[in-house]
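These protein sequence lines are chains A and B, in that order. Numbered according to our numbering, the first sequence terminates at residue 261, and the numbering increases by one at each position without gaps. Numbered according to our numbering, the second sequence terminates at residue 253, and the numbering increases by one at each position without gaps.
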Amino acid sequence: MKLSADGISKRWLGVIAIILAIVVWEVIAAGIVRNSFILPSPVDVFTAFQELVATGRLIPDFIDSLVHFGIGLVAALAVGIPVGIAMGWSRRFDAFMDPVIELLRPIPPLAWIPFAIIWFGLTSWSAGFVIFVGAVFPVIINTYSGFRGVPRIFVEAGKMLGCTKNFNLIRYIAFPAALPSVAAGIRIACGVGWMCLVAAELFGVSNNGLGMALWLYYNLHRMDCVVVYMILLGLAGLAFDMAFRYYIERHFLKWRTGEVA
Amino acid sequence: MGNLEIRDLNQSFPREDGSRLVVLDHLNFEVKDKEFVCILGSSGCGKTTLLRLIAGLDEAQEGSIVLDGEEIKGQNPKVGMVFQEYSLFPWRNVMDNIAFGLEMKGLIKEERYRIAQRYLELVNLSQFRESYPSELSGGMRQRVAVARALALDPVLLLMDEPFGALDAQTRNMLQKELLDIWEETKKTVIFITHSVDEAVYLSDRIIVLSPRPGRICRIFDVELDRPRDRTSVEFAKVRRTVLDLISQNCAIQ
Numbered sequence: 001m002k003l004s005a006d007g008i009s010k011r012w013l014g015v016i017a018i019i020l021a022i023v024v025w026e027v028i029a030a031g032i033v034r035n036s037f038i039l040p041s042p043v044d045v046f047t048a049f050q051e052l053v054a055t056g057r058l059i060p061d062f063i064d065s066l067v068h069f070g071i072g073l074v075a076a077l078a079v080g081i082p083v084g085i086a087m088g089w090s091r092r093f094d095a096f097m098d099p100v101i102e103l104l105r106p107i108p109p110l111a112w113i114p115f116a117i118i119w120f121g122l123t124s125w126s127a128g129f130v131i132f133v134g135a136v137f138p139v140i141i142n143t144y145s146g147f148r149g150v151p152r153i154f155v156e157a158g159k160m161l162g163c164t165k166n167f168n169l170i171r172y173i174a175f176p177a178a179l180p181s182v183a184a185g186i187r188i189a190c191g192v193g194w195m196c197l198v199a200a201e202l203f204g205v206s207n208n209g210l211g212m213a214l215w216l217y218y219n220l221h222r223m224d225c226v227v228v229y230m231i232l233l234g235l236a237g238l239a240f241d242m243a244f245r246y247y248i249e250r251h252f253l254k255w256r257t258g259e260v261a
Numbered sequence: 001m002g003n004l005e006i007r008d009l010n011q012s013f014p015r016e017d018g019s020r021l022v023v024l025d026h027l028n029f030e031v032k033d034k035e036f037v038c039i040l041g042s043s044g045c046g047k048t049t050l051l052r053l054i055a056g057l058d059e060a061q062e063g064s065i066v067l068d069g070e071e072i073k074g075q076n077p078k079v080g081m082v083f084q085e086y087s088l089f090p091w092r093n094v095m096d097n098i099a100f101g102l103e104m105k106g107l108i109k110e111e112r113y114r115i116a117q118r119y120l121e122l123v124n125l126s127q128f129r130e131s132y133p134s135e136l137s138g139g140m141r142q143r144v145a146v147a148r149a150l151a152l153d154p155v156l157l158l159m160d161e162p163f164g165a166l167d168a169q170t171r172n173m174l175q176k177e178l179l180d181i182w183e184e185t186k187k188t189v190i191f192i193t194h195s196v197d198e199a200v201y202l203s204d205r206i207i208v209l210s211p212r213p214g215r216i217c218r219i220f221d222v223e224l225d226r227p228r229d230r231t232s233v234e235f236a237k238v239r240r241t242v243l244d245l246i247s248q249n250c251a252i253q
């Protein structure tokens with residue numbers, strides 16, 4: 001019983017911290033700064049939120065952002081997982097690909113924006129491309145290290161049980177063994193991709209989008225609305241992460257329960 | 001059938017200075033069908049190397065390994081293996097681990113579960129069919145590994161110190177269970193161990209390897225009736241004979 005009481009009080013500590021942060025923010029904004037252009041107060045932000053809900057643009061913004069994010073993430077998985085598998089499975093392919101990847105990887109995703117526009121025009125695809133660049137490397141690297149780390153004993157046990165073709169070894173042994181690492185890579189990719197979203201929408205690829213709207217209201221000097229979008233971006237990113245973890249752990253990684261991770 | 005012939009087997013590995021480390025030196029022996037043979041030796045005598053060659057996981061430099069008149073090259077469905085380390089697939093539950101080989105053979109689900117169920121019962125783990133390996137004790141994991149190897153009905157079962165990591169009681173219990181399974185399924189078994197007690201308890205024959213390079217030092221027939229009593233005078237006598245011989249002739253030179 002003590003344990004659960006402890007759990008509840010810890011949860012309340014978190015809630016208290018959030019409330020406290022909002023109070024401090026309100027005091028600073030309304031009491032000290034007193035300029036909602038420089039620092040909108042929580043009350044200003046809440047009013048702006050109601051206003052934005054009334055305009056009905058929040059849902060389309062959200063949907064457009066999801067489209068951009070979806071394009072980038074799906075492309076990153078479609079490219080990153082096969083490349084990561086091939087590099088993790090074949091030393092030769094690793095030696096072949098590694099220099100190229102290590103050269104491309106340090107280029108910030110946002111530096112690709114000019115080429116995104118030239119290649120894809122002002123379309124959702126170019127925003128998707130920027131997100132893809134941000135998301136693909138974590139997927140490759142985690143898939144690769146997951147495959148590298150597959151214990152040899154599993155591969156040999158598989159071989160002794162008639163699983164001898166490379167394709168089958170990857171499908172039945174290496175991929176499931178590497179899945180925790182692959183999933184961690186996808187999680188990181190989601191985070192990075194979501195962070196690229198605001199910049200990717202900055203150059204006007206669509207009329208809506210959370211990042212797009214954030215820039216729009218900045219240009220309109222409506223900093224209270226900017227804060228609304230900042231909070232929405234943060235909450236949406238958090239929600240994705242939680243949903244992903246919950247789903248993956250429920251459906252694919254339940255065998256890890258009871259293991260010391 | 002499960003007749004195994006090892007002919008003139010040589011294996012060496014390159015060393016850093018360019019010379020070669022001879023691990024197995026002209027090994028010759030036979031294992032008869034349905035025989036339980038223990039290969040006994042201290043660590044570094046090449047017993048795991050030998051087993052991996054028979055399993056087809058590595059290739060021998062020279063010599064041949066012939067199973068029922070057919071030379072072993074690569075993995076062979078007629079040979080099953082139980083590894084020293086835990087080798088169960090942690091992402092599959094017990095049933096799907098045992099059924100893995102059958103799945104690779106392309107059997108439909110009902111069929112492979114029907115067969116797997118039989119082996120699950122053989123190792124007395126029916127109530128754990130849905131459990132994941134992380135939920136099992138070390139002894140239970142090795143029992144599942146035995147069932148998984150047997151599910152493909154190999155003629156030859158290779159066991160590489162499978163009970164080495166277990167505590168003494170569990171070890172004794174599993175040895176007894178293994179003999180029961182062997183009586184029931186009548187496979188040829190090659191069992192690697194460094195424990196004289198284990199070798200005397202289990203085997204029809206003990207092949208003692210001497211280390212560096214691995215050579216056959218001596219082959220014993222164990223003529224004790226089963227079930228064997230570890231505390232009996234006869235058992236102790238055989239143990240003493242084996243131990244004496246190892247300390248006199250088979251130690252590191």
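Positions of the beta carbon are idealized from the N, C-alpha and C atoms, including for glycine.
Within 7 Å (strictly less), CB to CB, does residue i reach chain B?
| i | result |
| --- | --- |
| isoleucine 153/A | yes |
| glutamate 156/A | yes |
| lysine 165/A | no |
| glycine 88/A | no |
| tyrosine 162/A | Reading off the sequence shown, one finds glycine at residue 162/A, where the question assumed tyrosine. With 7 Å as the cut-off, glycine 162/A counts as an interface residue toward chain B. |
| alanine 261/A | The pLDDT assigned to alanine 261/A is 39, lower than 50, so where the model puts this residue is not dependable; a value taken from the coordinates is nonetheless given after this. Taking Cβ atoms only, chain B never reaches closer than 7 Å to alanine 261/A, which makes this a no. |
| tryptophan 255/A | yes |
| methionine 1/A | Per-residue confidence for methionine 1/A stands at a pLDDT of 44, beneath the threshold of 50, marking its modelled position as unreliable; the derived number appears in the next sentence. So, not an interface residue. |
Comparing the C-beta of residue i with each C-beta of chain A, is any distance below 7 Å?
| i | result |
| --- | --- |
| proline 211/B | no |
| tyrosine 132/B | yes |
| serine 87/B | yes |
| methionine 140/B | no |
| proline 254/B | Outside the displayed span of chain B (1 to 253) sits residue 254/B, for which this structure offers no information. |
| glutamine 253/B | With a pLDDT of 48 at glutamine 253/B, under the threshold of 50, the predicted position of this residue should be treated as unreliable, though the coordinate-derived value follows. No, because no Cβ of chain A sits closer than 7 Å to the Cβ of glutamine 253/B. |
| methionine 159/B | no |
| phenylalanine 266/B | With chain B running from 1 to 253 in the structure shown, residue 266/B is simply not present. |
| phenylalanine 83/B | yes |
Whose C-alpha, out of the options, is nearest the C-alpha of residue i?
| i | options | result |
| --- | --- | --- |
| arginine 212/B | Gly139/B, Ala147/B, Gly41/B and Tyr86/B | Gly41/B |
| cysteine 190/A | Ile19/A, Ser9/A, Ala76/A and Asp94/A | Ala76/A |
| phenylalanine 36/B | Ser126/B, Leu57/B and Leu179/B | Leu179/B |
| proline 109/A | Gly134/A, Gly70/A, Phe93/A and Asn166/A | Gly134/A |
| phenylalanine 281/B | Ser19/B, Arg171/B and Asn97/B | Nothing about residue 281/B can be read from this structure; chain B reaches only from 1 to 253. |
| aspartate 167/B | Glu184/B, Met140/B, Thr188/B and Leu157/B | Met140/B |
| serine 87/B | Pro133/B, Gly44/B, Val208/B and Leu157/B | Pro133/B |
| lysine 159/A | Gly149/A, Arg171/A and Arg148/A | Arg171/A |
| phenylalanine 244/A | Arg187/A, Leu220/A and Met212/A | Arg187/A |
| isoleucine 192/B | Ser12/B, Cys45/B and Ala99/B | Cys45/B |
| alanine 78/A | Phe137/A, Val43/A and Ala54/A | Phe137/A |
| asparagine 3/B | Ile39/B, Gly63/B and Ile72/B | Ile72/B |
| isoleucine 246/B | Lys34/B, Arg230/B, Ile216/B and Asp229/B | Ile216/B |
| glutamate 183/B | Asp204/B, Ile65/B, Leu24/B and Asp68/B | Asp204/B |
| serine 210/B | Trp91/B, Gly18/B and Ser43/B | Ser43/B |
Below 7 Å CB to CB, which residues in the same chain sit around residue i once its five sequence neighbours on both sides are set aside?
| i | result |
| --- | --- |
| glutamate 224/B | Correcting the residue type first, residue 224/B is leucine in the shown sequence and not glutamate. The answer, listed in chain order, is Glu234, Phe235 and Val238. |
| histidine 68/A | Ser124, Ala127, Gly128, Ile131, Leu197, Ala200, Glu201 and Gly209 |
| methionine 1/A | Residue confidence for methionine 1/A is low, a pLDDT of 44 falling below 50, so the modelled location carries little weight; the figure read from the coordinates is stated next. Excluding positions up to five away in sequence, the list is empty. |
| tyrosine 218/A | Val226 |
| proline 60/A | Asn208 |
For residue i, which residues from the same chain have a beta carbon less than 8 Å from its beta carbon, with the 5 sequence-adjacent residues on both sides left out?
| i | result |
| --- | --- |
| leucine 255/B | Outside the displayed range of chain B (1 to 253) lies residue 255/B, so it cannot be described from this structure. |
| valine 123/B | Arg143, Val144, Val146, Ala147, Glu177 and Ile181 |
| lysine 254/A | none |
| aspartate 98/A | Met87 |
| glutamine 175/B | Phe163, Glu198, Tyr201 and Leu202 |
| valine 155/A | Leu169, Ile173 and Ala174 |
| serine 36/A | Ala29, Asp44, Met223 and Asp224 |
| isoleucine 231/A | Val45 |
If you drop the 5 nearest sequence neighbours on each side, which residues of the same chain put their C-beta closer than 6 Å to that of residue i?
| i | result |
| --- | --- |
| tryptophan 194/A | Gly237 |
| glycine 183/A | For the sequence presented, residue 183/A should be read as alanine rather than glycine. Excluding residues within five positions, the ones whose Cβ falls inside 6 Å are Ile248. |
| isoleucine 71/A | Gly128 |
| phenylalanine 240/A | Cys190 |
Starting from the beta carbon of residue i, find every residue of chain E whose beta carbon is closer than 7 Å, and list them in chain order.
| i | result |
| --- | --- |
| glutamine 75/B | Within the model displayed, chain E is absent; protein chains A and B are what it includes. |
Which of the residues in the segment 54-72 of chain B, read from start to end, lie with their CB under 7 Å from any CB of chain A? Ala55 and Leu57
Can you list, in chain order, the residues of the segment 18-42 of chain B whose Cβ is nearer than 9 Å to any Cβ on chain A? none
Which of the residues in the segment 166-182 of chain A, read from start to end, lie with their CB under 8 Å from any CB of chain B? Asn168, Tyr172, Ile173, Pro176, Ala177 and Leu179
What are the start and end residues of each continuous alpha helix (DSSP H) run of 4 or more residues lying completely inside the segment 152-212 of chain A, in chain order? 152-160 and 175-202
Along the segment 93-124 of chain B, what residues have a CB closer than 7 Å to any CB found in chain A? Phe100, Gly101, Met104 and Lys105
Identify every run of the alpha helix (DSSP H) within the segment 124-150 of chain A, keeping only runs that are complete inside it and at least 4 residues long; order them along the chain. 124-148
Residue ranges of each alpha helix (DSSP H) within the segment 22-75 of chain A, 4 or longer: 42-55
Kindly provide the ranges of any alpha helix (DSSP H) runs that are 4 or more residues long and lie completely inside the segment 75-123 of chain A, ordered along the chain. 91-104 and 113-120
Whole beta strand (DSSP E) runs in the segment 130-197 of chain B with 3 or more residues, listed along the chain? 156-160 and 188-193
Going along the chain, which unbroken runs of the alpha helix (DSSP H) with 4 or more residues stay wholly within the segment 65-122 of chain B? 94-98, 100-104 and 109-122
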